[in-house]
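Encoded as structure tokens, the structure appears first; notes follow it.
Number of protein chains: 2
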Amino acid sequence: MKVVNINERVLKRNEQMAAEIRTLLKEKNVFLVNLRGSPGAGKTTILEKVIAELKGRKRIAVIEGDLYTTRDAERLEKYGVQVVQVNTGGICHLEADMVKQALSKINLEIIDLLVIENVGNLVCTADYDLGEEIGIIVLSVSEGSDKIMKYPLIFQSSEIMLINKLDMLKNTDFSTVEIERDLNRINREMVVFNLSCKTGEGIFEFSRCLEERIDEFQATAD
Amino acid sequence: MKVVNINERVLKRNEQMAAEIRTLLKEKNVFLVNLRGSPGAGKTTILEKVIAELKGRKRIAVIEGDLYTTRDAERLEKYGVQVVQVNTGGICHLEADMVKQALSKINLEIIDLLVIENVGNLVCTADYDLGEEIGIIVLSVSEGSDKIMKYPLIFQSSEIMLINKLDMLKNTDFSTVEIERDLNRINREMVVFNLSCKTGEGIFEFSRCLEERIDEFQATAD
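In the order they appear, the protein sequences are chains P and G. Residues 866 to 1087 in my numbering are what the first sequence lists, from first letter to last. Residues 866 to 1087 in my numbering are what the second sequence lists, from first letter to last.
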């Protein structure tokens, strides 16, 4: 019982911090995305592709969440964007106060889009609001099409779903019918993109969608 | 600070409970395996194959960990083994007291092997000892070969690693050289099996290894 109370308190504190982040980023006109998915779903590779696609169109920074390493951050730095690594030291998700600390290391005046790449985890990353405008969930076809009902919270708390590694589809028993049926049950508003970072399928469409969302967000500023 | 202390207390209580489970299962001569991996790594499918392979040789029961659903348990029940579903209600890992409750629903007198299929998660499932004799980690090639250094604890706390979905290898940039190098750094004793549930590769070898471990365990009983 005690643990549950503490957990509630932790989540409440997190919510307050997330609200502060939301206010700050609205003021700075920075659109925040919380990118989530299983380990190996392809989050970093998608980011590489989107950063390349939006080059010269939107100014991007990334907060990289990871347990211990800086590998993904190193991969993204090559694309000339601001990258801040947050090492959780074994915690399975990012929390708003970690993001707030990272924000102090980013020049918010010169960016339009800030992407948080969360720790690879479909469970607890769904519980912690990081102040984002939208949540994006990446599901690779190799993970199987039963994941929506098994991890419903993360699919409920996302606005965009990226079905990744489409090039592998024929080697799996992934069922798009099952995905459609389950989204109908728990999140009818979900916007879905089919992606393959190998063939490039869907990268343009997803990037344009992101760009439009940033434009809308920035148009409502002040 | 308070949260950390509570967490330590939770882990300490978990350890005591795990020790009780270990004692009980030693007494009952039941070999306990803690099977872990990302969502969609292929844990349930591997279990289906191993149960079929060990049919008539070892008597098996399964504890299925999942957030909310009973899907995996339903899949396994078809193989005629005892299956107990544990729904964590949103918690990202199993804990020893959940396993203890499940044990009361299993007839331990008539089994040799009890497999716990943990929640799909590479992080917190590494923290909670469930009283197992061995930890097994499943990594599918589609997840990428950078996972050992990104989630070191779970690879350190496992004795057997199953590299799964080998049939997809040619469609990925998975590097067995990277895996070997990283295992050399953090767990030189790891026993590795290459598996494909599609082609059947490695299922026989892994099942035999498991059988030998059960025989050794049971031979040292009393």
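Yeah, the Cβ is synthetic: ideal placement off N, Cα and C, and Gly gets one too.
Where residue i meets chain G, residues with beta-carbon distance less than 7 Å
i, result
"E998 of chain P", "Here the premise fails: no neighbours, minimum Cβ distance about 25 Å."
Chain-ordered chain P contacts of residue i [CB-CB under 7 Å]
i, result
"T934 of chain G", "M1014, K1015"
"N879 of chain G", "Those do not exist, as N879 of chain G stays about 12 Å from chain P at its closest Cβ, beyond 7 Å."
"G905 of chain G", "S903, S1007, E1008, G1009, K1012"
Residue interval of the alpha helix (DSSP H) (run including residue i)
i, result
"F896 of chain G", "From DSSP, F896 of chain G is part of no alpha helix (DSSP H) but of the beta strand (DSSP E) over 896-902."
"V988 of chain P", "Careful: V988 of chain P lies outside any alpha helix (DSSP H) and carries neither H nor E."
"V964 of chain P", "961-968"
"R940 of chain P", "936-942"
Residue i (DSSP reduced to helix, strand or coil)
i, result
"M1026 of chain P", "strand"
"E982 of chain P", "strand"
"V869 of chain P", "Residue placement at V869 of chain P is poorly supported in this model, since its pLDDT is 38, which falls under 50; the coordinates still yield a value, given next. Three-state result, V869 of chain P: helix."
"F1039 of chain G", "coil"
"V875 of chain G", "helix"
"Q1083 of chain G", "helix"
"N952 of chain P", "strand"
"G1067 of chain G", "coil"
Extent of the continuous beta strand (DSSP E) run through residue i
i, result
"I928 of chain G", "925-931"
"V1057 of chain P", "1056-1059"
"V915 of chain G", "Taken as a continuous stretch (DSSP letters only), V915 of chain G belongs to no beta strand (DSSP E), being part of the alpha helix (DSSP H) at 908-918."
Per-residue burial, residue i [other beta carbons within 10 Å of its own, 16 or more giving buried]
i, result
"L1065 of chain G", "This sequence places Gly at residue 1065 of chain G; Leu is not what is there. With fewer than 16 other Cβ atoms within 10 Å, it is exposed."
"T1041 of chain G", "exposed"
"R874 of chain P", "exposed"
"C957 of chain G", "buried"
"S969 of chain G", "exposed"
"T1037 of chain G", "buried"
"F1071 of chain G", "buried"
"R901 of chain P", "buried"
"M866 of chain P", "In this prediction, M866 of chain P has a pLDDT of 29, which is less than 50 and means its spatial position is unreliable; what the coordinates show is noted afterwards. Classification of M866 of chain P: exposed, given that the 10 Å Cβ count is below 16."
"D1080 of chain P", "exposed"
"C989 of chain G", "buried"
"I1019 of chain G", "buried"
"T910 of chain G", "buried"
"N972 of chain P", "exposed"
"A961 of chain P", "buried"
"G945 of chain P", "exposed"
Interface residues of chain G facing residue i [CB-CB closer than 9 Å]
i, result
"M1033 of chain P", "S1007, M1033, N1036, T1037"
"L1048 of chain P", "Those within 9 Å of L1048 of chain P in chain G number zero; the least Cβ separation is about 16 Å."
Contact list for residue i against chain P, beta-carbon separation under 8 Å
i, result
"C957 of chain G", "C957, N986, V988, C989"
"K1030 of chain G", "S1007"
"D931 of chain G", "K1015"
Where residue i meets chain P, residues with beta-carbon distance less than 9 Å
i, result
"L1095 of chain G", "Given a span of 866 to 1087 for chain G in the structure shown, any question on residue 1095 of chain G remains unanswerable."
"L912 of chain G", "None at all; the shortest Cβ gap to chain P is about 14 Å."
- Give, in chain order, every unbroken run of the alpha helix (DSSP H) that is at least 4 residues long and sits entirely within the segment 996-1020 of chain P. Runs of the alpha helix (DSSP H) inside the segment 996-1020 of chain P: 1012-1015.
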